[in-house]
Amino acid sequence: MTDATAARVVVVGAGLGGLRTAEQLRAKGFRGELVIVGDEEHRPYTRPPLSKELLAGTMSPPDVAFDVRADLGAHWRLGTGVAAARLDERVVVLEDGEELGYDGLVIATGVRPRRLPVPGPEADRFTLRNLAHSLALRRRLRAGVRLCVIGAGFIGCEVAATARRLGAEVTVIAPESVPMERPLGREFGGVLRELHESRGVRFMLGHEVSAFEAGSAGREVVLSDGCRVPFDVAVEAVGSVPAVEWLAGNGLDLSDGVACDGRLRVQGRREVVAVGDVARFPNALFGGPASRVEHWNIPVETARRAAATLVAGLTGSEQEPAHFGPLPAFWSNQFDTRLQSYGAPWLGAADVRLLDGDWTRAAEPIMAGYHRDGELVGVVGTAPPRSFIPHRTAILAAAKKTMRRTP
Amino acid sequence: MKIEVDYDLCENHAQCVFAAPDAFRMNASDELEFDAEVDDSLREDVQSAADACPVQAIRITG
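Read top to bottom, the protein sequences are chains X and Y. First residue of the first sequence: 42, per my numbering; consecutive thereafter. First residue of the second sequence: 32, per my numbering; consecutive thereafter.
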């Protein structure tokens, strides 16, 4: 296809990744029809406040909406999920049965919360991923409410901090020995545990949940050792599952999100790309197997890349080079502390070195370096933003050195 | 081109400093500083900075 003005691109998913891809398609000169399909009623909004300001009530839904430029010229299909896709025919099927043909397809369906595979009544149990989840949970959080957070990852700890500030009695239950142990390592997890405990959050770590029960004394979480924790409200914050079921039947590798190449093409197709949390892509900075990265800047970075791939495919022009190496970045606000991360700390969690601060002084700024084969691959800290700049530069320099060594 | 930053929104995440170092920087007190007017050749970088801002504090106004 050389006349891209007659083409239609369908973006499935109306989150940050879908929006930024649509914007980038226009920025790169795509003038055809742009359809954005989203299963929620809302236009794209920013998710980080869902566990913090929106949950605390200091922000309301209009505050989290992304600005959408009027000249984006997109046709929005909101409140309609996607049911299936037939990639060979270039068709997606919406949940209401409508079939949309496309010349270009953007897979931006993101993830949904994983649920605990345990028996028990559903009442008073919440997850947190979208606006409706946050508003529903917010209605239940107040002083004195007994909140059980299952999971001590970022979302779980953010919810715990927000709820504690609202005066809830918060218990965090998780199998790890410290919060955020897997992504950050034991030392940093210990710092975060101290931060939370000093504000009155109770941790029950080293525990698996085996059931939820409704007894005469009210609702209880039953732990694998038989211990029971009464609660009024429970939040399951036990990770996420890529939303890829609608892509089944196309012979794709959907084992963890959608497998793509460095140009974010799916199955090598020039007309199908994936972006954001759902995209499993090889990162040239760090090598190794392709992976999904649920960090703040990845939807933005992958959108830019995927839009270039798609426009090149639609116009028959040359593809960008295969190399794609975005540096992941995220932050997490918990109480008055802001944690920031650059790079891939999870690759270096076996060799964590204190770069600044003191592991035993949680209230003071800390900077930790994560190393793989002696090279800095990630940095996580509670130090001021400016202090991350040299470390971020060092990660990039080390990664580029490694890339040169790799044939 | 002209840049505006809403300092009521800005939380000093510094994502813009990495995306467009020729337009944005952190000063010694860890606050964001930026050039309100920059050369058009920086447009793509500045747009990347606006896209990457966690709190949408950056506006390109010309």
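Quick reminder that beta carbons are idealized off the backbone N, C-alpha and C, glycines included.
| Asked | Found |
| --- | --- |
| Chain-ordered chain Y contacts of residue 338 (chain X) [CB-CB under 8 Å] | 46 and 83 |
| Backbone CA spacing between residue 270 (chain X) and residue 158 (chain X) [nearest angstrom] | 18 Å |
| Rounded separation between residue 449 (chain X) and residue 435 (chain X) - CA only | Outside the displayed range of chain X (42 to 448) lies residue 449 (chain X), so it cannot be described from this structure. |
| Residue 154 (chain X) in three-state terms, based on DSSP | strand |
| Contact between the segment 200-218 of chain X and the segment 245-259 of chain X (3+ Cβ pairs under 8 Å) | yes |
| Proximity test, Cβ basis, 8 Å: residue 386 (chain X) and chain Y | no |
| Test: residue 316 (chain X) CB closer than 8 Å to a CB of chain Y | no |
| For residue 379 (chain X), the first and last residue of its enclosing beta strand (DSSP E) | 378-384 |
| Distance, residue 89 (chain X) Cα to residue 187 (chain X) Cα | 24 Å |
| 8 Å Cβ cutoff, residue 65 (chain Y) in contact with chain X | no |
| Three or more C-beta pairs below 8 Å linking the segment 194-201 of chain X and the segment 284-292 of chain X | no |
| CB contact below 8 Å: residue 108 (chain X) versus chain Y | yes |
| Span of the alpha helix (DSSP H) around residue 49 (chain Y) | 46-50 |
| For residue 375 (chain X), the first and last residue of its enclosing beta strand (DSSP E) | 370-375 |
| Cβ shell of residue 379 (chain X) (< 8 Å), same chain only, five flanking positions each side left out | 372, 373 and 423 |
| Top-ranked residue by Cα proximity to residue 222 (chain X), from X:391, X:48 and X:137 | X:391 |
| In DSSP terms, what residue 262 (chain X) is bridged to | X:253 and X:270 |
| Partner residues on chain Y for residue 433 (chain X), Cβ-Cβ distance less than 8 Å | 49 |
| Own chain residues within Cβ distance below 8 Å of residue 303 (chain X), not counting five before or after | 322, 323, 325, 363, 364 and 365 |
| Chain Y contacts made by the segment 59-78 of chain X, where a contact means CB separation under 9 Å | 61, 64, 65 and 68 |
| Backbone CA spacing between residue 261 (chain X) and residue 253 (chain X) [nearest angstrom] | 6 Å |
| Interface flag, residue 53 (chain Y) vs chain X, CB-CB below 8 Å | no |
| Alpha-carbon to alpha-carbon, residue 317 (chain X) and residue 85 (chain Y) | 15 Å |
| Residue nearest to residue 438 (chain X) in terms of C-alpha spacing, selected from X:62, X:384 and X:396 | X:384 |
| Backbone CA spacing between residue 397 (chain X) and residue 55 (chain Y) [nearest angstrom] | 25 Å |
| Collapsed DSSP secondary structure at residue 64 (chain Y) in the structure displayed | strand |
| Chain X within 8 Å of residue 57 (chain Y), Cβ atoms only | yes |
| As assigned by DSSP and simplified to three states, the class of residue 277 (chain X) | strand |
| For residue 117 (chain X): DSSP bridge partner residues | X:77 |
| Chain Y contacts made by the segment 388-420 of chain X, where a contact means CB separation under 8 Å | none |
| Short CB-CB distance (under 8 Å) between residue 427 (chain X) and chain Y | yes |
| Environment of residue 369 (chain X) [buried if 16+ CB atoms lie within 10 Å] | buried |
| Residue 296 (chain X), buried or exposed, once every other Cβ within 10 Å from all chains shown has been counted against 16 | exposed |
| Within 8 Å, strictly: CB atoms of residue 190 (chain X) and residue 97 (chain X) | no |
| is_contact[residue 103 (chain X), chain Y] using C-beta, thresh 8 Å | no |
| For residue 397 (chain X), the residue or residues it bridges with in DSSP | X:408 |
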